[in-house]
Amino acid sequence: MPGQLVLGLIVAVLIHNLKTGKNVYKVLLYIAVICDWVVFCNIIDYIFQPDEGSLVNYCLTTIGILKEPVAWLKNTWTGNFVIWICSIWKGYGWVMIIYTAGLLGIPSDQYEAATMDGANAVQKFFHVTLPGLRGTTLYLLINLINGAMNIFIQVFLLTKGDPLGTTDVVMDYIYRRAFNYFDFGYAAACGIVMGIVVFVISMGLKKFLRYGENL
1 MPGQLVLGLI VAVLIHNLKT GKNVYKVLLY IAVICDWVVF CNIIDYIFQP
51 DEGSLVNYCL TTIGILKEPV AWLKNTWTGN FVIWICSIWK GYGWVMIIYT
101 AGLLGIPSDQ YEAATMDGAN AVQKFFHVTL PGLRGTTLYL LINLINGAMN
151 IFIQVFLLTK GDPLGTTDVV MDYIYRRAFN YFDFGYAAAC GIVMGIVVFV
201 ISMGLKKFLR YGENL
């Protein structure tokens, strides 16, 4: 979630400041979002195969970074790393689109006033852009928290929680309890608790950001 938010914001600001070609870059970067998860995960699974002929292992062993092939999806750290990268790459395009819309809502006279006061690009970003995107950030955070709690398909297709559950997530655990062990009551209870946790976090975040507006 933080990776999607930060990367989406950076890309949105860069695209917003372009003179030409904004829509072209938006379309190109949004392709990953509309790509089906099954297709996307199959591609990732193929390029991260444990044998030496896979794309990632071949490139890294050829240039000398790795001495031998790595079973990326079978190790705890690398398995989680691949899942994180997939989630960030698949989701940051949506964040970028929302932020670019939010940037259009910031009055240009605020940037002009900051320029007249001698503010540089970094100061404009922290004192004009970020405060102007507070509402957009709240919307994104609530949706990203909900999405993070509902991560399932990438784990199910890539690692299935292996090795020994170290890449497992809540939704995958609920799925296994329900359909592998047929413990539907326990799985339903877990789902309800997860929903309550997401609601409480979202409401707390909303109040926190609204409190910040009044400071």
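In terms of full-length UniProt numbering, the sequence shown opens at residue 1 and continues consecutively. The beta carbon of each residue, even a glycine, is placed where N, CA and C say it ideally should be. Just so it is clear, the structure is predicted and the values come from calculations on it, not from any experiment.
In the DSSP assignment, residue 59 falls within the alpha helix (DSSP H) that extends over 55-62. For residue 110, the enclosing alpha helix (DSSP H) stretches over residues 108-116. Between residue 42 and the set 169, 154 and 183, the nearest pair of CA atoms involves 154. Listed in chain order, the non-local C-beta contacts of residue 168 below 8 Å within the same chain comprise 155 and 161, local neighbours out to five positions each way being set aside.
When the beta-carbon positions are compared, residue 158 and residue 60 stay at least 8 Å from each other.
Looking only at 84, 179 and 203, the smallest Cα-Cα distance to residue 3 is reached by 84. Note that the C-beta distance between residue 174 and residue 195 is not below 8 Å. With the rule of 3 Cβ pairs closer than 8 Å, the segment 85-103 counts as touching the segment 18-35.
By the Cβ test, the segment 7-20 is in contact with the segment 96-104, since at least three Cβ pairs between them sit closer than 8 Å. Two segments are said to touch when three or more pairs of C-beta atoms, one from each, lie closer than 8 Å; by this definition the segment 131-138 touches the segment 100-110. With a cutoff of 8 Å on beta-carbon distance, residue 144 and residue 5 are scored as near each other.
Nearest neighbour of residue 198 by Cα position, chosen from 150, 207 and 187, turns out to be 150. In the DSSP assignment, residue 86 falls within the unbroken alpha helix (DSSP H) covering 76-104.
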